[in-house]
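Student: Below: one structure in structure tokens.
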Amino acid sequence: MSGFLTGAGYFFRGMALLPRPGLRGFVVIPLLANIAVFALIASSLYQLMSGYYSDFTGEISGSWQFLTWIITPLIWVVGTLLSGYLSIFLVLFLTSPFHGLLAEKVEEQVTGEVLDNDSSALQTALAVPRGFLREIQKFCHYLPMAFLVLIISIVPGINVAAPFLWILLGAWMMSLQFIDYPMDNHRLPFSDVREACGAQRSTSIGFGMVVAFVSGIPLLNL
């Protein structure tokens with residue numbers, strides 16, 4: 001339990017660093033990208049869901065009309081959460097090089113040491129495809145586990161565990177996502193990231209749980 005709370009605390013310690021002058025510039029581009037992507041996904045998703053809502057509620061009549069009072073807020077909540085999660089994952093993929101730079105500057109401020117990375121134009125250019133490759137590796141790591149949880153979700157009897165498994169999987173992936181940035185700056189392979197998170201599993205889950213929770217809340221997830 002102490003490891004879980006320690007991991008959750010790392011999120012708030014990291015947030016406290018962002019207003020520092022040397023870091024603000026690296027937050028702007030991911031922030032603007034997140035706002036644009038969230039607005040696009042949210043508007044598209046709400047249009048899609050409103051169509052299903054109209055069709056569904058149109059078939060409800062008589063004594064079942066009270067269900068619309070339950071369904072309406074549920075659709076808004078689900079749409080908002082889905083928009084938040086989808087925009088976060090898409091923005092993390094598109095802006096992965098900027099998050100790597102942010103992680104580098106944070107590490108320099110925390111440790112007081114400048115990372116000994118090759119900052120030549122060639123290495124800077126190579127950082128972009130390398131960042132995208134890492135995102136693909138994470139997706140390939142996620143896909144088999146997501147498929148397994150999806151199967152569990154539709155099997156009667158054991159599907160009651162599915163919501164908790166989805167939460168754990170989301171927390172695990174968020175932890176891998178953000179721990180990967182500083183480790184990638186040290187040119188460590190993704191297998192080392194998985195091993196490091198696995199060695200501190202409860203701490204990783206605690207950190208990832210907070211990130212996953214905040215990712216689904218509008219404005220906070222920006």
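Position one of the sequence shown corresponds to residue 1 (the numbering used here), numbered consecutively onward. We put the beta carbon where it would ideally sit given N, CA and C, even for glycine.
Could you say which of L17, G131 and E135 lies nearest to E108 if we only look at CA atoms?
Tutor: That would be L17, whose Cα lies nearest to the Cα of E108.
Student: Three-state secondary structure (DSSP) at P156?
Tutor: Coil, per DSSP.
Student: Taking the alpha-carbon of G9 as reference, which of A33, G206, V214 and T111 has the nearest alpha-carbon?
Tutor: That would be G206, whose Cα lies nearest to the Cα of G9.
Student: Please report the straight-line C-alpha distance between R187 and P156, rounded to a whole angstrom.
Tutor: Going by the C-alpha atoms only, they are around 45 Å apart.
Student: Report all residues from its chain with a CB closer than 6 Å to the CB of A121; omit the five preceding and five following residues, and keep chain order.
Tutor: No answer about A121 holds up, because its pLDDT of 46 lies below 50 and its placement is not dependable.
Student: Three or more beta-carbon pairs under 8 Å between the region 188-197 and the region 145-152, yes or no?
Tutor: With the cut-off at 8 Å, the region 188-197 and the region 145-152 do not touch.
Student: Quick one: residues in its chain with C-beta nearer than 6 Å to the C-beta of S96, no 5 flanking neighbours on either side, listed in chain order?
Tutor: Result list for S96: G131 and E135, in chain order.
Student: What residue does the alpha helix (DSSP H) around V214 start on, and which one ends it?
Tutor: Note, V214: alpha helix (DSSP H), R201 to S215.
Student: Looking only at its own chain, which residues have a Cβ that is under 6 Å from the Cβ of L23, when we skip the five neighbours before and after it?
Tutor: Excluding sequence neighbours, L23 sits near K105.
Student: Going by beta carbon distance, what residues of the same chain come within less than 7 Å of L102, once the five residues before and after it are set aside?
Tutor: Counting only Cβ-Cβ distances below 7 Å, and skipping sequence neighbours, we find L23, F26 and V27.
Student: Pick from G3, L94 and F11: whose alpha carbon is nearest that of V211?
Tutor: That would be F11, whose Cα lies nearest to the Cα of V211.
Student: Counting along the chain, where does the alpha helix (DSSP H) carrying G7 start and finish?
Tutor: S2 to L17 is the span of the alpha helix (DSSP H), which, as asked, contains G7.
Student: Residues in the same chain with beta-carbon distance under 7 Å from A238, minus the five sequence neighbours each way, listed in chain order, please.
Tutor: Absent from the model: residue 238. The displayed extent of the chain is 1 to 222, so no value can be given.
Student: Reducing DSSP to helix, strand and coil, say where L48 ends up.
Tutor: L48: helix per DSSP, three-state reduction.
Student: Rounded to the nearest angstrom, what separates A171 and E113 at their Cα positions?
Tutor: The alpha-carbon atoms of A171 and E113 are separated by roughly 30 Å.
Student: Grab me the residues of F4's own chain with a C-beta within less than 6 Å of its C-beta, minus the 5 sequence neighbours each way, in chain order.
Tutor: Here the set comprises S202 and G206.
Student: Can you look up A121 in the DSSP assignment and give me helix, strand or coil?
Tutor: Per-residue confidence for A121 stands at a pLDDT of 46, beneath the threshold of 50, marking its modelled position as unreliable; the derived number appears in the next sentence. Note: A121 maps to helix in three-state DSSP.
Student: Quick check: what's the CA-CA separation for L133 versus N159?
Tutor: Using only the alpha carbons, I get a separation of about 33 Å.
Student: What do you get for G198, buried or exposed, if any count of 16 or more other CB atoms within 10 angstroms of its CB means buried?
Tutor: Exposed.
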